[in-house]
Amino acid sequence: MGIKLGNLENELASYGYSLRFFPSTYIKSTRGGFIAGGTGGIGSIEYGTLWDEGNVIELSILTMEEKPHRLTVKGEELKKYIHNYGVSGIIVEAVIALAPLRKWSNQLICFEKLEDALTFSEEIATNAALTKRLVSVSEAPLATSFKAFSSYISESTTTVLLLIQEGNEAEIADIAHGYNGTYIKKFDAEMLEKKARITDFSWNHVTLWWMKKDPSATYLQGRFNRESYLEQVKVLKEKYPSEIWIHFEWIKVQGQVVPSSQPIIQFRSEDRLNEIITEFREVGIKVSNPHTYLLEEGGKDDWIQDICLAKKENDPYHLLNPGKLKAGLKQEV
Numbered sequence: 001m002g003i004k005l006g007n008l009e010n011e012l013a014s015y016g017y018s019l020r021f022f023p024s025t026y027i028k029s030t031r032g033g034f035i036a037g038g039t040g041g042i043g044s045i046e047y048g049t050l051w052d053e054g055n056v057i058e059l060s061i062l063t064m065e066e067k068p069h070r071l072t073v074k075g076e077e078l079k080k081y082i083h084n085y086g087v088s089g090i091i092v093e094a095v096i097a098l099a100p101l102r103k104w105s106n107q108l109i110c111f112e113k114l115e116d117a118l119t120f121s122e123e124i125a126t127n128a129a130l131t132k133r134l135v136s137v138s139e140a141p142l143a144t145s146f147k148a149f150s151s152y153i154s155e156s157t158t159t160v161l162l163l164i165q166e167g168n169e170a171e172i173a174d175i176a177h178g179y180n181g182t183y184i185k186k187f188d189a190e191m192l193e194k195k196a197r198i199t200d201f202s203w204n205h206v207t208l209w210w211m212k213k214d215p216s217a218t219y220l221q222g223r224f225n226r227e228s229y230l231e232q233v234k235v236l237k238e239k240y241p242s243e244i245w246i247h248f249e250w251i252k253v254q255g256q257v258v259p260s261s262q263p264i265i266q267f268r269s270e271d272r273l274n275e276i277i278t279e280f281r282e283v284g285i286k287v288s289n290p291h292t293y294l295l296e297e298g299g300k301d302d303w304i305q306d307i308c309l310a311k312k313e314n315d316p317y318h319l320l321n322p323g324k325l326k327a328g329l330k331q332e333v
């Protein structure tokens, strides 16, 4: 399970397949590490997340009992081990579903207004006729840190990055024009010439690029509401105009297209950050707090009790990732 996702993606291509989805850090991330600590990524707009049925098919788990056992886990039981940070068992083998190998087109569309970029990205994300792997929005001035294509970016440029199956370029350009977007026709050829990966400017990499430019910045992870995300964005931008920059990644969750996000936050103090988290939740945004080491407080897992039950059965001496579960702290002490 230590195979790096980048190597796996390359190997699969020789057989006519690809990974369904992967994090932007896939060159260095491992398959087992992603299942135990990830959520979704590039490709989730088509295939959903690790929890969506059919993506992870089967896991082999090694317990940490006095006499370790190897478990074969399928179906609903998988929720005890996905995104568990290793606390309930060690993933030693995984059976995952694959996607057919496709030829993708790198596309950049630039906007002067955030709302235009967001509504355009929603139309692309929800268009079932377009096969896509990435729909990523970075509010101005976040893209000024994307050096690979800085010639197209100004301080006022909000970007939408797309990975769309080849052959749909003209349609995307027409749709972009209707939202006052500037379609960069030469972008795909330039990215190929530079051997640059568009995925390096999406998902977690947006945060990484911006924090290189401004080390005082931080981020959150949030799930906006598909029906009211524009109003949610408006409230946040009005209340914190110089502290929050929107970064959307459109994905599917249980078959429904939703706006996931990793907004950049100008860090001022822990109290201020907690105030912003509270505001997110008050306007209906589900927040996953990346600034905690406790699994229960991260906000991603709806199956904490299942994970805790599996840990009790599989790790009676609390040897696996001690301190990661609030529920297990007393026993570990």
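Going by UniProt numbering, the first residue of the sequence shown is number 1, and it counts up by one from there.
Think of the CB as a built atom: it goes at the ideal place given N, C-alpha and C, for glycine as much as any other residue.
Small disclaimer: the values here were computed from a predicted structure and weren't measured.
Item, Value
"Chain-order list of residues whose beta-carbon lies under 6 Å from that of K74 (same chain, five-residue window excluded)", "E58"
"Limits of the unbroken beta strand (DSSP E) element including Q256", "Q256 to S261"
"Backbone secondary structure at W245 - three-state DSSP", "strand"
"D315, buried or exposed, once every other Cβ within 10 Å from all chains shown has been counted against 16", "buried"
"When Q256, L142, I244 and G255 are compared against L273, the one with the closest alpha-carbon", "I244"
"Distance CB(H247)-CB(S138) smaller than 8 Å", "yes"
"A310, DSSP secondary structure in three states", "helix"
"Boundaries of the beta strand (DSSP E) in which N106 is found, first to last residue", "W104 to F111"
"Cα-Cα separation between E313 and E296, rounded to whole angstroms", "19 Å"
"Opposing strand residues paired with I90 [DSSP bridges]", "L62"
"The stretch 206 to 220 touching the stretch 154 to 170, judged by at least three CB pairs closer than 8 Å", "no"
"Unbroken alpha helix (DSSP H) run spanning Y229, endpoints", "Y229 to K239"
"Whole-angstrom distance between Y293 and K326, CA atom to CA atom", "10 Å"
"Alpha carbon of G43 to alpha carbon of E9, nearest angstrom", "13 Å"
"Contact between the stretch 254 to 271 and the stretch 224 to 239 (3+ Cβ pairs under 8 Å)", "yes"
"Span of the alpha helix (DSSP H) around N217", "Per the sequence presented here, residue 217 reads as Ala, with Asn not at that position. Run containing A217: none in the alpha helix (DSSP H); it sits in the beta strand (DSSP E), A217 to Y219."
"Beta-bridge partners of Y47, as assigned by DSSP", "Y47 pairs with nothing; no bridge assigned."
"Three or more C-beta pairs below 8 Å linking the stretch 28 to 38 and the stretch 276 to 283", "no"
"Proximal residues to F187 (C-beta, below 8 Å), its chain only, five neighbours per side dropped", "N106, Q107, L108, F149 and Y152"
"Limits of the unbroken alpha helix (DSSP H) element including L12", "L5 to A13"
"Top-ranked residue by Cα proximity to N204, from A13, S24 and Y17", "S24"
"Rounded separation between Q221 and F280 - CA only", "10 Å"
"Neighbour-count burial assignment, K213, 16 or more Cβ in a 10 Å radius", "exposed"
"Rounded separation between V333 and C308 - CA only", "Residue placement at V333 cannot be trusted, given a pLDDT of 42 that sits under 50; what the coordinates show is reported in the next sentence. V333 and C308: Cα-Cα distance of roughly 17 Å."
"Own chain residues within Cβ distance below 8 Å of S60, not counting five before or after", "R70, L71, T72, V73, I91, V92, E93 and A94"
"Check: E279 C-beta below 7 Å from any heavy atom of the ligand SAM", "In the structure on display, the ligand SAM does not appear, and there are no ligands present to speak of."
"Counted within 10 angstroms of its Cβ, other Cβ atoms place H177 as buried (16 or more) or exposed", "exposed"
"Status (buried if at least 16 other CB within 10 Å, exposed otherwise) for Y179", "buried"
"Nearest-angstrom Cβ-Cβ length linking V56 and L62, presumed shorter than 8 Å", "Contact flag wrong, Cβ pair sits at about 17 Å."
"Contact set for A97: own chain, Cβ-Cβ below 7 Å, skip 5 residues either direction", "R20, G54, N55 and I57"
"Alpha-carbon spacing of K195 relative to L118, whole angstroms", "28 Å"
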